[in-house]
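Just so you know, full-length UniProt numbering puts 145 at position 145 of the sequence shown, and the rest follows in order with no gaps.
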Amino acid sequence: MKKSQCLDIVMFLLSPTQVCSSSLLEGRLNKLLSSFLSKTSKEQMIKKISTVAMIISVTSVVIFLIIDYFSMTESLLMIWYFFSRCNQLSYRFYIDAIDSLGNNNKKTSLTSQDRIKLSLKSYLELTINFSIIYWLLTSVWTDIKITRTPNNILDCLYFSGVTITTLGYGDIAPTHWILKVLTIYEVFCGLIILIVCFAIYLGHNTSISLDIKRR
Numbered sequence: 001m002k003k004s005q006c007l008d009i010v011m012f013l014l015s016p017t018q019v020c021s022s023s024l025l026e027g028r029l030n031k032l033l034s035s036f037l038s039k040t041s042k043e044q045m046i047k048k049i050s051t052v053a054m055i056i057s058v059t060s061v062v063i064f065l066i067i068d069y070f071s072m073t074e075s076l077l078m079i080w081y082f083f084s085r086c087n088q089l090s091y092r093f094y095i096d097a098i099d100s101l102g103n104n105n106k107k108t109s110l111t112s113q114d115r116i117k118l119s120l121k122s123y124l125e126l127t128i129n130f131s132i133i134y135w136l137l138t139s140v141w142t143d144i145k146i147t148r149t150p151n152n153i154l155d156c157l158y159f160s161g162v163t164i165t166t167l168g169y170g171d172i173a174p175t176h177w178i179l180k181v182l183t184i185y186e187v188f189c190g191l192i193i194l195i196v197c198f199a200i201y202l203g204h205n206t207s208i209s210l211d212i213k214r215r
């Protein structure tokens, strides 16, 4: 098996949503969605994917407020999706930020303002997605616990928000190693999107403005 094939398999396991969205953006699914894609630019597609993903996350929270039990298989599939989406957001923003630093961000016509808006929306989506993962893990697997058992997903949403913003009040804390690793990863993803990417996009936009004024 070639190295590229191994990387593709790893990427699919870690983030199938990234593989699917890349296929859409690169036109690999044109035959399947030709009528839809023909009227949609790459920039519009990126925004639509972001909006649809946010709707899925918010809708899932509402559903979990109503339904508090899912089977093992259902929980695993949902955890895979939301974890995949978190990986996708971190990966795409990291790559785009690096491209911006190297002045290689001409793949799309997204402006710095567009990128900043997307990063803020994705930061909120990350918070929601991780809260769903925490809720599914603690409600299905009783061995995976936090210091205070969450009454509903809103407790996990609060815990996720406190974690990703690095406030760390300590009223709710992970006790199982899986949750400890996830909280560290959540902070890492949040830093990539909000601090690294936001600063790079803002700085890139400022430098462009200064260049225009000098001319």
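We put the CB at the ideal spot given by N, CA and C, even for glycine.
- Taken through DSSP and simplified to helix, strand or coil, Pro-16 comes out as helix.
- Listed in chain order, the non-local C-beta contacts of Met-54 below 7 angstroms within the same chain comprise Lys-121 and Glu-125, local neighbours out to five positions each way being set aside.
- Straight through space, the alpha carbons of Leu-89 and Glu-43 are spaced by roughly 16 angstroms.
- For Tyr-91, the CB contacts under 8 angstroms within the same chain, skipping 5 residues up- and downstream, are Ser-15 and Gln-18 in chain order.
- If you draw a 10 Å sphere on the C-beta of Asp-68, you find fewer than 16 other C-beta atoms in it, and that means exposed.
- Shortest Cα-Cα distance from Phe-93 to any of Ser-119, Phe-70, Gln-113 and Phe-83 involves Ser-119.
- Around the Cβ of Ser-71, a 10 Å sphere holds fewer than 16 other Cβ atoms; the residue is exposed.
- In its chain, beyond the 5 residues on either side, Phe-93, Ser-119, Ser-122 and Tyr-123 have a beta carbon closer than 6 angstroms to the beta carbon of Ile-193.
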